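**Q** Sending over a structure as structure tokens; questions will come in a sec.
Protein chains: 2
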Amino acid sequence: MATVNRQLVLQSRPKGMLALGDLQLQETPVPELRDGQALGRVKYLSIDPTMRVWMAMDSYLPAVAIGEVMRSLGFAEIVESRHPDYKKGDRVSGLTGLQEYVVIDANAKQSLIQKVPKIPFVSDTVFLGTLGINGLTAYFGMEIAQPKKGETLVVSAAAGATGSIVGQIGKIHGCRVVGIAGTDEKCNWITRDLGFDAAINYKHTDWTEKLAAAVPSGIDIDFENVGGEIMQSVLGLMNLHGRVALCGLISGYTKEDPGLASFAAVLMKRLRVEGFIVLDYAPRFTEAGTQLAQWKMLGKIKDRETIVEGLEKAPDAINMLFTGGNTGKLIVKV
Amino acid sequence: MATVNRQLVLQSRPKGMLALGDLQLQETPVPELRDGQALGRVKYLSIDPTMRVWMAMDSYLPAVAIGEVMRSLGFAEIVESRHPDYKKGDRVSGLTGLQEYVVIDANAKQSLIQKVPKIPFVSDTVFLGTLGINGLTAYFGMEIAQPKKGETLVVSAAAGATGSIVGQIGKIHGCRVVGIAGTDEKCNWITRDLGFDAAINYKHTDWTEKLAAAVPSGIDIDFENVGGEIMQSVLGLMNLHGRVALCGLISGYTKEDPGLASFAAVLMKRLRVEGFIVLDYAPRFTEAGTQLAQWKMLGKIKDRETIVEGLEKAPDAINMLFTGGNTGKLIVKV
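Each protein sequence line maps, in turn, to chains A and B. Everything in the first sequence is counted per our numbering, starting at 1 for the first residue and increasing by one. Everything in the second sequence is counted per our numbering, starting at 335 for the first residue and increasing by one.
Written out as structure tokens, the structure reads:
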């Protein structure tokens, strides 16, 4: 048995991008299990934009405390158990934290720890992406967006783990789907492989004109992951009574309260803007997971992963989210 | 018969507050009526914040063209008619424009011109305020807000024509109602006469602390008329899953795209923000008007007016809206 647990603890709250030392590697003894506890070996970590928010401030969850293991979702295998619900070899996903070993106990529910099955021909990491936080986020966000056949849906961070699924759900509902992403390669992926009708690279100087040309009937739904100038441009093209499913504001997570210029469009265009956090939907995760699994098996949802090797690379991986370094789900293999 | 029609035409688009000459007084001949036309003598003009938007830019209505009579709601009496639906002495309200005489013709419906009854003991101006644009705006905005008994409603510009009715509808629904206004006198009026539970004068330096103290259970509904810093402070006190009925952004109408700082609260608190414009509800004006008239007769909605005398004073009156000079409905008596 391993006796050392390597962990990344929050040492200082980042300003802007993560700096060296904001997350500090530490080694602690793997604790002796008590009755009612199980020990999981973390295999994969889910790297998500919301982690940057958790590092900075109280939000929909309290900020991670200084000195605490950094909060994250992850996938683990049970290696030892004195808990009646878990046996060696069981596979779980949930809030493992950025560490090699996680103790599961009475707090399992609060940590969203749940057992997951082995699915043939499907990577374990699917429980962090398409059948995990990103698929669920896309599913419930699209419920808020209420897509109707023939409507135009625009999604930002469209080649990200959530955005790529959002667009594919939009196609299932019969929408015209336009994605906004940051490289031509990403744009090619979402149009050629995922079936988006169009993709706009926002790094091109004429991208707003291209976006306008890609939505000849205007925009009915904005699935917003980014905020800031990208959101502004989308709002400018929205139809009266359009809907904004407000999922993320990643462009602002590394800035001090960037706010939203052109907020007045919400009034003038009578938009409905609804913020949501997937954790609120926990009681319906089984319903959504079942639907997502079906879509995945039918090939209606395809996914891609960017895998970074080594726990110590997790801080770099988090920064990749803000520089657009990943395509699809970003995973750290521990 | 009068032969001269005095009108205020848009001469230049204001920057900030209205300046001398943005609206120019002109005299034109009262036109000879053709068959299918009626002539109304404008008695009262409704002065509303949205007029400042109409002067500046295309919004939910096209901007008023330079050289055109300034758009406004008003109340008029028919003095001559060659239209089968109108006879001398009929009383109408609708988009009369800032002028002494209005020609009513086939465009009457588009101008929202409708005949209104004489109600005993009630001033004619009620059709511009409580039974006009403001009552209707409050009614449909509160439908969006979905108030429930025991919830806390905050309304900004609370001593204005719309805000004062919003708060009273909130009380009818059993909400705790807190108003934000700009003078102690206004605060006294809405609490003592209108039954608001509390009122906060935002000109006091400690107003945000007072607002926090006035909403011990947080804020469930923000009926937003103002935007900017006032809206920011309200958002900071909102409960999870709160609703914002976005009715106006008056603090920004005299500025270039002020945007909204702390927009991220919409995401973190999972708020639903819905912009609305009362004109969208025109097919339901009769329903709402009937309900408002009933509330008014039962004394459940009280109102107050600020009356400015003389068409030529209309530009000053518009500016009063932005300096907080009026309490209740602002009217120009022509």
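For each residue, glycine too, the CB sits at the ideal point set by N, CA and C. Model, not experiment: these values are computed from the prediction.
1) Inspect the beta-carbon positions of A492/B and I524/B and report whether they are closer than 9 angstroms.
2) How do the stretch 604-613 of chain B and the stretch 269-284 of chain A stand: do at least 3 beta-carbon pairs fall below 8 angstroms, yes or no?
3) Under the rule that 16 or more other beta-carbon atoms within 10 Å means buried, what is Q480/B, buried or exposed?
4) Would you decide whether F557/B is buried or exposed? Buried here means 16 or more other CB atoms lie within 10 Å of its CB.
5) If I measure Cβ to Cβ from V278/A and keep anything under 7 angstroms in the same chain, skipping five residues before and after, which residues do I get?
6) Can you tell me the Cβ-Cβ gap for T640/B and L664/B, rounded? I've got them flagged as a contact below 8 angstroms.
7) Is E274/A close to chain B? Criterion is C-beta to C-beta, closer than 9 angstroms.
8) Just the chain A side, please: which residues come within less than 9 angstroms of D637/B by C-beta, in chain order?
9) I'd like to check one pair, S415/B with L379/B: are the Cβ atoms closer than 9 angstroms?
10) What separation, rounded to the nearest whole angstrom, lies between the Cα atoms of I104/A and G324/A?
11) Grab the span of the alpha helix (DSSP H) containing T50/A for me, first residue to last.
12) Would you kindly check if the distance between the Cβ of G463/B and the Cβ of D637/B is under 9 angstroms?
13) Is it buried or exposed for K589/B, if we count other Cβ within 10 angstroms and need 16 for buried?
14) Quick one: residues in its chain with C-beta nearer than 7 angstroms to the C-beta of I318/A, no 5 flanking neighbours on either side, listed in chain order?
15) Per DSSP, K449/B forms a beta bridge with which residues?
16) Please tell me whether D591/B has its Cβ less than 9 angstroms away from any Cβ of chain A.
17) From K377/B, I412/B, G497/B, P396/B, pick the residue whose C-alpha is nearest to that of N660/B; which is it?
18) Along the chain, where does the alpha helix (DSSP H) that runs through P649/B open and close?
19) From G218/A, K115/A, A314/A, pick the residue whose C-alpha is nearest to that of C175/A; which is it?
20) Flag this pair as touching only if the stretch 420-437 of chain B and the stretch 447-456 of chain B have three or more C-beta atom pairs under 8 angstroms; answer yes or no.
21) Does the beta carbon of R375/B come closer than 9 angstroms to any beta carbon on chain C?
22) Taking 8 angstroms as the cut-off, does the stretch 197-213 of chain A touch the stretch 177-184 of chain A (at least 3 CB pairs, one atom from each stretch)?
23) When burial is assigned at 16 or more other CB atoms within 10 Å of the CB, is N107/A buried or exposed?
24) Judging by CA-CA distance, which residue of P348/B, L357/B, F409/B is the nearest neighbour of M391/B?
25) Just to confirm, is the Cβ distance from V403/B to G431/B under 9 angstroms?
26) For a cutoff of 9 angstroms on Cβ pairs, would you count A261/A as touching chain B?
27) Is M17/A helix, strand or coil when you go by DSSP?
28) Flag L393/B as yes if its beta-carbon sits less than 9 angstroms from any beta-carbon of chain A, otherwise no.
29) Say whether chain B places a C-beta atom closer than 9 angstroms to the C-beta of M268/A.
30) Can you check whether the C-beta of Y271/A is within less than 9 angstroms of a C-beta belonging to chain B?
31) Whole angstroms are fine: how far does the CA of W541/B sit from the CA of A547/B?
32) Assign Q502/B to buried or exposed, taking buried as 16 or more other Cβ atoms, counted over all protein chains shown, within 10 Å of its Cβ.
33) Using a Cβ-Cβ cut-off of less than 8 angstroms, give me the residues of the stretch 544-558 of chain B that come near chain A, in sequence order.
34) Unbroken alpha helix (DSSP H) runs of length 4 or more, entirely within the stretch 212-272 of chain A: which are they?
35) For A627/B versus I453/B, is the C-beta spacing smaller than 9 angstroms?
36) Beta carbon of L49/A, beta carbon of I230/A: below 9 angstroms?
**A** Put simply:
1) yes
2) Touching, yes, given that three or more Cβ pairs across the two stretches are closer than 8 angstroms.
3) Q480/B comes out exposed.
4) buried
5) Taken in chain order, the residues that qualify are I133, L136, T137, F140.
6) 5 angstroms
7) yes
8) Here the premise fails: no neighbours, minimum Cβ distance about 24 angstroms.
9) No, these two residues do not count as a Cβ contact at 9 angstroms.
10) 33 angstroms
11) Segment 50-56, the alpha helix (DSSP H) holding T50/A.
12) yes
13) exposed
14) Same-chain partners within the cutoff: L18, I47, M51, R52.
15) V426/B
16) Yes, because at least one Cβ of chain A sits closer than 9 angstroms to the Cβ of D591/B.
17) G497/B
18) 648-657 is the span of the alpha helix (DSSP H), which, as asked, contains P649/B.
19) G218/A
20) The stretch 420-437 of chain B, when compared against the stretch 447-456 of chain B, does touch it at the 8 angstroms Cβ threshold.
21) In the structure shown, chain C cannot be found, because the protein chains are A and B.
22) yes
23) exposed
24) P348/B
25) yes
26) Look at A261/A: its C-beta is under 9 angstroms from a C-beta on chain B.
27) coil
28) Note on identity: in this sequence residue 393/B is Ser, with Leu being the wrong assignment. At least one chain A Cβ lies under 9 angstroms of S393/B.
29) yes
30) One detail in the question is off: residue 271/A reads as Leu in this sequence, not Tyr. With 9 angstroms as the cut-off, L271/A counts as an interface residue toward chain B.
31) 10 angstroms
32) When all chains shown are included, Q502/B counts as buried.
33) none
34) At a cut-off of 4 residues, the continuous stretches assigned as alpha helix (DSSP H) that sit fully inside the stretch 212-272 of chain A are 228-236, 264-268.
35) yes
36) Per the sequence presented here, residue 49/A reads as Pro, with Leu not at that position. No. Outside cutoff.
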